[in-house]
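**Student:** Here this note's numbering is used: the first residue of the sequence shown is 13, the next is one more, and so on.
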Amino acid sequence: MYLRVLVVEDEASIAKQLANALREAGYAVDVAGDGRHADELAHAGVFDAVVLDLGLPGVDGLTLLRGWRAAGLRWPVLILTARGSWHEKVQGIDGGADDYVSKPFRIEEVLARIRALIRRASGTAHTELRCGELVLDPRTARVTLAGEIVRLTSHEYRVLAYLMHHRGRVVGRSELIEHIYAQDFDRDSNTVEVFVARLRRKLGPRTIETVRGLGYRAGTE
Ligand code: CA
């Protein structure tokens with residue numbers, strides 16, 4: 013469960029830096045530059061983690077966070093706080109944040125903290141995901157089969173990662189779609205079938221099982 017991330021940041025250059033780094037790491041990313049837009053996205057979508065700047069125009073980050081938690085939205089939230097502002101950290105964590113990074117930050121630290129939050133949220137202690145000889149490493153977005161690197165597109169990667177994170181469970185097509193596409197992406201549910209077909213070609217026909225009328229399942233081989 014580490015596929016779709018919402019970035020809430022009003023400084024365009026920082027938002028872009030975060031979004032680019034996250035996309036490069038294999039995530040689907042939605043970006044909101046103000047509190048109102050962030051709130052719309054948060055209530056419309058399903059996210060696996062949120063990076064939230066606390067200093068936002070309009071509705072501030074802390075108010076957003078408290079609202080989301082009051083509404084029962086539970087995804088892990090990493091807050092970005094001003095340097096040296098200990099009271100922001102305290103208020104943020106009391107408001108329901110799971111972790112924080114102070115500005116200015118190293119992008120590597122943000123990525124590592126997001127990986128850790130998602131790992132914790134999904135109860136996965138190991139960083140690598142395994143199904144037999146198939147290994148997926150979220151730190152590098154790399155997939156190997158019997159030790160050989162398999163090249164996947166970002167959508168193929170997210171489909172596989174989501175199924176491997178929920179190995180043994182049937183994942184419905186609409187759930188899969190929610191986690192592999194950003195909000196502004198043209199979502200065509202037929203493309204999920206295409207991604208699964210390509211994954212089977214690359215990884216072997218039995219890697220992903222189709223459960224008729226319900227969805228897909230990995231890790232039962
Ligand atoms: Ca700001």
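Using N, Cα and C, we set each Cβ at its ideal position, and we do this for glycine too.
These figures come from a predicted structure and were not determined experimentally.
Checking the sheet assignment: what are the DSSP bridge partners for residue 65?
**Tutor:** 92
**Student:** Out of 39, 89 and 217, state which residue places its alpha-carbon closest to the alpha-carbon of residue 50.
**Tutor:** Measuring from the Cα of residue 50, the nearest candidate turns out to be 89.
**Student:** Can you tell me whether residue 206 is buried or exposed? The criterion is at least 16 other CB atoms within 10 Å of its CB, across all chains shown.
**Tutor:** exposed
**Student:** Grab the span of the alpha helix (DSSP H) containing residue 160 for me, first residue to last.
**Tutor:** Residue 160 -> not in any alpha helix (DSSP H); beta strand (DSSP E) instead, spanning 160-162.
**Student:** Specify, as a first and last residue, the run of the beta strand (DSSP E) that residue 300 falls within.
**Tutor:** In the structure as shown, the chain starts at 13 and stops at 233, and residue 300 therefore has no counterpart that could be examined.
**Student:** Give me whichever residues DSSP pairs with residue 230 in a beta bridge.
**Tutor:** Its beta-bridge partners are 220.
**Student:** Residue range of the beta strand (DSSP E) that residue 156 falls in?
**Tutor:** 154-157
**Student:** Nearer than 6 Å: is that true of the beta carbon of residue 65 relative to any heavy atom of ligand 1?
**Tutor:** Because some heavy atom of ligand 1 lies under 6 Å away, the Cβ of residue 65 counts as near it: yes.
**Student:** So which of 219, 53 and 223 has the shortest CA-CA distance to residue 168?
**Tutor:** 219 is the residue among 219, 53 and 223 whose C-alpha sits nearest the C-alpha of residue 168.
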